[in-house]
Amino acid sequence: MSNFCSAESLMWGYGPADSMPYVGLAKQQVRHGLAYQVSQEISKRFELPVEFVETPNNRLEPYLQQGRLHLICNTNPEWVSQPQQYHWSPALYDEQDVLLQRMDQPELTGLASLYGKVLGTSLGYIYSQPLMSAFSTGQVARQDVRDLDTSLHMLDKQRLDAVIDMQRNLAYKLAQHPQMQLRFSPWVVQRYQVYCAYSSHLPIPADRLDALLLELRDRRMIGQWLDEALRSAMDRPAPLSAGAR
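What the sequence shown shows, in the UniProt record's numbering, is residues 1 to 245, in sequence order.
Encoded structure:
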């Protein structure tokens with residue numbers, strides 16, 4: 001199959017806080033995780049190289065609109081400011097925001113149990129509306145942290161009361177830090193589905209990419225790759241988090 005246009009590669013953007021099982025780096029290049037596996041299938045199907053571009057969260061949307069990026073995934077229409085500007089893929093998988101907390105603390109069972117506490121968050125991320133309201137009123141203190149490894153170290157050292165993130169991300173990091181006395185809260189903060197957003201400058205037909213992603217989902221390849229990435233946590237040591245020392 002020949003290339004659909006003269007583009008040299010498909011530019012796939014991801015944020016600095018994106019981590020396994022979605023994005024895994026080796027020597028500063030995306031080489032593991034769901035995004036890498038999907039990119040390999042895109043390259044094979046469309047004979048077009050995929051180039052991953054780490055992009056600050058506040059530039060992902062402008063770059064998509066300008067065509068400097070063609071694609072972002074691990075996202076949802078409710079998390080972007082102008083969802084109507086993009087073509088949205090089929091839903092790829094289900095996720096949920098959950099909390100990690102220390103084992104020696106009472107269970108966090110709902111929003112009220114977070115009042116007066118400091119919650120580790122990701123810079124620029126949008127959470128459930130009730131939680132965002134609690135941040136704005138000061139009932140819950142939001143502490144943006146650069147990455148999940150740093151968040152877990154801060155939680156372990158009692159510099160945070162809890163950490164919020166996608167369940168799979170937290171499960172991966174927890175498996176890398178078995179020495180930490182941390183556990184999941186029973187409270188599911190929010191359930192949602194995860195999509196890809198395409199730029200209008202996408203160098204391949206959007207409906208063809210939709211069909212490929214739908215095929216990968218329905219063949220259960222996406223679920224399989226997520227599971228494989230989670231199982232790999234014990235084989236990949238966590239990076240040192242200097243900021244948490």
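Glycine included, every Cβ here is placed at the ideal spot set by N, Cα and C.
Buried or exposed: where does residue i fall if 16 or more other Cβ atoms within 10 Å of its Cβ makes it buried?
i    : result
V188 : exposed
P203 : buried
Q96  : exposed
P130 : exposed
K173 : buried
N74  : buried
M166 : buried
I72  : buried
P21  : buried
G15  : buried
E8   : exposed
A112 : exposed
G110 : exposed
Excluding five sequence neighbours on each side, which residues of the same chain lie with their C-beta closer than 7 angstroms to the C-beta of residue i?
i    : result
S43  : P49, V50
V180 : According to the sequence displayed, residue 180 carries Met and not Val. Excluding residues within five positions, the ones whose Cβ falls inside 7 angstroms are L152, D156.
N3   : With a pLDDT of only 43 at N3, under the threshold of 50, the placement of this residue in the model should not be trusted; the figure read from the coordinates follows. Contacts found: E47, L48.
N169 : S19, L148
M154 : G120, V145, L160, A244
L214 : P90
Can you tell me where the alpha helix (DSSP H) with residue i in it begins and where it stops?
i    : result
Y198 : No alpha helix (DSSP H) contains Y198, which is instead part of the beta strand (DSSP E) from 182–198.
L174 : 167–176
V140 : Element bounds for V140: n/a, residue is neither H nor E.
I72  : Segment 71–75 is the beta strand (DSSP E) holding I72; no alpha helix (DSSP H) there.
H32  : Segment 29–32 is the beta strand (DSSP E) holding H32; no alpha helix (DSSP H) there.
S151 : 148–156
Indicate the three-state DSSP secondary structure (helix, strand or coil) for residue i in the structure shown.
i    : result
R220 : coil
N58  : helix
E107 : coil
R245 : Only weak support exists for where R245 lies, its pLDDT of 33 falling under 50; the coordinates are left without a value.
R68  : coil
Q179 : coil
I204 : coil
I164 : strand
E215 : helix
R159 : coil
R231 : helix
R236 : coil
How far does the beta strand (DSSP E) with residue i in it extend, from its first residue to its last?
i    : result
V53  : 50–54
A17  : Neither: A17 is in no beta strand (DSSP E) and is coded neither H nor E.
A26  : 24–26
S89  : Taken as a continuous stretch (DSSP letters only), S89 belongs to no beta strand (DSSP E), as it is neither H nor E.
S81  : Careful: S81 lies outside any beta strand (DSSP E) and carries neither H nor E.
G120 : 118–122
Counting only beta-carbon atoms, is residue i nearer than 7 angstroms to chain D?
i    : result
C196 : The displayed structure is made up of one protein chain only, and chain D is not part of it.
Got a sec? Which residues, its chain only, sit under 6 angstroms from residue i by beta carbon, not counting five neighbours each side?
i           : result
S151        : G120, V145, V163
D122        : Note that residue 122 is Ser in the sequence shown, not Asp. Within the same chain, S122 has close Cβ partners A17.
residue 264 : The shown model of the chain, from 1 to 245, leaves out residue 264, and the question about it has no answer.
M1          : With a pLDDT of 38 at M1, under the threshold of 50, the modelled position of this residue cannot be trusted, and the question is left open.
R45         : L212
S39         : V50
Can you list, in chain order, the residues of its chain with a C-beta nearer than 8 angstroms to that of residue i? Leave out the 5 residues immediately preceding and following it.
i    : result
L69  : M11, W12, G13, V53, T55, L60, Y63, S199
D94  : R191, Y192, Q193, V194
W88  : P77, Y195, C196, A197, Y198
S128 : D97, V189, Q190
> Are the region 56–66 and the region 34–41 touching, with three or more C-beta to C-beta distances below 8 angstroms?
Replying inline: no
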